[in-house]
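Visitor:
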Amino acid sequence: MSATKPHALVTGASRGIGAAIARALASAGFPVIINYRERREPAQEVATAIAEAGGTAELCPFDVRDAQACEAALTELLTSRTIGVIVNNAGIVRDGPFPSMEREAWESVTRTTLDGFYNVTRPLVMPMVRARWGRIINITSVSGLIGVRGQANYSAAKAGLIGATRSLAQELAKRKITVNAVAPGLIETEMIAEVQREHVLERIPARRLGRPEEVAALVRFLASDEAAYITGQVIGINGGLA
Ligand code: NDP
20 MSATKPHALV
30 TGASRGIGAA
40 IARALASAGF
50 PVIINYRERR
60 EPAQEVATAI
70 AEAGGTAELC
80 PFDVRDAQAC
90 EAALTELLTS
100 RTIGVIVNNA
110 GIVRDGPFPS
120 MEREAWESVT
130 RTTLDGFYNV
140 TRPLVMPMVR
150 ARWGRIINIT
160 SVSGLIGVRG
170 QANYSAAKAG
180 LIGATRSLAQ
190 ELAKRKITVN
200 AVAPGLIETE
210 MIAEVQREHV
220 LERIPARRLG
230 RPEEVAALVR
240 FLASDEAAYI
250 TGQVIGINGG
260 LA
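Heads up: the sequence shown runs through residues 20 to 261, numbered per our numbering.
#1: Return yes when the C-beta of R56 is under 7 Å from any heavy atom of ligand 1, and no when it is not.
#2: Do the region 166-181 and the region 220-240 touch if we need at least three Cβ pairs shorter than 8 Å?
#3: Would you mind sorting G110 into buried or exposed? The rule is 16 or more other CB atoms within 10 Å of its CB.
#4: Taking the CB atoms as reference points, tell me whether I155 and T140 lie closer together than 8 Å.
#5: Under the criterion of a Cβ to heavy atom distance below 7 Å, does A200 qualify as lining ligand 1?
#6: Where does P203 fall in DSSP's three states?
#7: How long is the line joining the alpha carbons of G259 and S99, rounded to whole angstroms?
#8: Answer yes or no: the CB of R34 versus the heavy atoms of ligand 3, is any distance below 7 Å?
#9: Does DSSP put R59 in a helix, a strand or coil?
#10: Looking at C-beta atoms only, is the number of pairs between the region 227-243 and the region 180-189 that lie closer than 8 Å three or more?
#11: If I measure Cβ to Cβ from I181 and keep anything under 6 Å in the same chain, skipping five residues before and after, which residues do I get?
#12: Quick check: N54 and A70, are their CB atoms within less than 8 Å of each other?
#13: Would you call A22 buried or exposed, if buried means 16 or more other Cβ atoms sit within 10 Å of its Cβ?
#14: Entirely within the region 76-129 and at least 4 residues each: give me those alpha helix (DSSP H) ranges in chain order.
#15: Can you give me the Cβ contacts of L143 inside the same chain, cut-off strictly under 7 Å, excluding the 5 residues immediately before and after it?
#16: Are the beta-carbon atoms belonging to G74 and A38 less than 8 Å from one another?
#17: Tell me the residue span of the beta strand (DSSP E) that contains G35.
#18: Quick one: is A91 buried, meaning 16 or more other Cβ sit within 10 Å of its Cβ, or exposed?
#19: Among the candidates I256, K193, G204 and R216, whose CA atom is the shortest distance from the CA of R248?
#20: Per DSSP, which one or two residues make a beta bridge with H26?
#21: Applying the criterion that 16 or more other CB atoms from any shown protein chain within 10 Å of the CB defines a buried residue, is S119 buried or exposed?
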């Protein structure tokens, strides 16, 4: 990597794990692009906190499911920036028993994770190849590794993202671009607000939920030069759950 760090794009960075990743990458010296879909206020708070800590951040809202919106936003970003780090973090859940799972629940989840990965990553890959340096970090889930009851849509999407990670890593390794997946267990964010704590805690050997900052520290390491030889991996962070 050159002395001036390239930009880092974090999708779904307005809150939760994505917000912590944006803060961590900014603290490592990357100018950060904070993507979100609709809630501007928390995204602005993340950007303000980064600026107050001496970092650089800007907002870039778009829906990762929308190919045209992604293309337009990314083309605009690339006119004056080098994007060297992509963190595909935007994700949603629509849990339910499979027999009653509506198509909307299936498609909204798979499209956010899988189309989101394609729509955001593909336009940025060739500029990264030309720069001969890059880090692509995909936030998957323990659900994509072992399956979780009521999450057929989410488990399928996150397992698919692992397949894309392993394949793309092989394509890009000789260009000095690494592609890895981070698979969190249960992390304290809005996403799991409805999960019954007492039931899940007894299944987690560490007997606690993870913190967004713990996931962010792992992502920050994967984005660093020290992690140059780690590619095509799925790294769990789950308190021993899997
Ligand atoms: P949150 O629900 O707290 O935050 C989700 C973020 O994604 C928000 O910034 C949201 O923005 C954004 N987002 C959702 N849909 C889109 C979209 N279509 N386009 C752009 N942005 C979008 O989630 P978490 O922080 O908990 O999760 C982050 C990632 O980590 C997800 O991929 C999730 O699957 C994964 N994960 C989470 C775990 C957990 O226990 N929390 C465990 C394992 C994996 P907005 O509000 O504007 O829609």
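Cβ coordinates follow ideal geometry from the N, Cα and C atoms, glycine included.
Guide: Quick look at the numbers:
#1: For R56, the Cβ falls inside the 7 Å cut-off from some heavy atom of ligand 1.
#2: In short, these stretches do not touch, since the Cβ pair count stays below three.
#3: It is buried - the Cβ of G110 has at least 16 other Cβ atoms within 10 Å.
#4: Yes. Within cutoff.
#5: Between ligand 1 and A200, a heavy atom-to-CB distance of less than 7 Å is absent.
#6: Of the three classes helix, strand and coil, the one that applies to P203 here is strand, per DSSP.
#7: Take the alpha-carbon of G259 and the one of S99: they are about 43 Å apart.
#8: Ligand 3 is not among the ligands present in this structure, which contains only ligand 1.
#9: Three-state result, R59: helix.
#10: By the Cβ criterion, the region 227-243 is not in contact with the region 180-189, since fewer than three pairs of Cβ atoms, one from each stretch, lie closer than 8 Å.
#11: Cβ neighbours of I181 beyond the five flanking positions: T159, G163, A200 and V253.
#12: The answer is no: Cβ separation not under 8 Å.
#13: Flag for A22 reads exposed.
#14: Segments of the alpha helix (DSSP H) lying fully in the region 76-129: 86-97 and 122-129.
#15: If we look at L143 and ignore the five residues flanking it on each side, its Cβ neighbours are L93, I102 and I105.
#16: Not closer than 8 Å, so no.
#17: Judged by DSSP secondary structure, G35 falls outside any beta strand (DSSP E) and instead within the alpha helix (DSSP H) spanning G35 to S46.
#18: By the 10 Å Cβ count, A91 comes out exposed.
#19: It should be pointed out that residue 248 corresponds to Tyr in this sequence rather than to Arg. In this structure, K193 is the residue among I256, K193, G204 and R216 with its C-alpha nearest to the C-alpha of Y248.
#20: Bridge partners of H26: I102.
#21: Around the Cβ of S119, a 10 Å sphere holds fewer than 16 other Cβ atoms; the residue is exposed.
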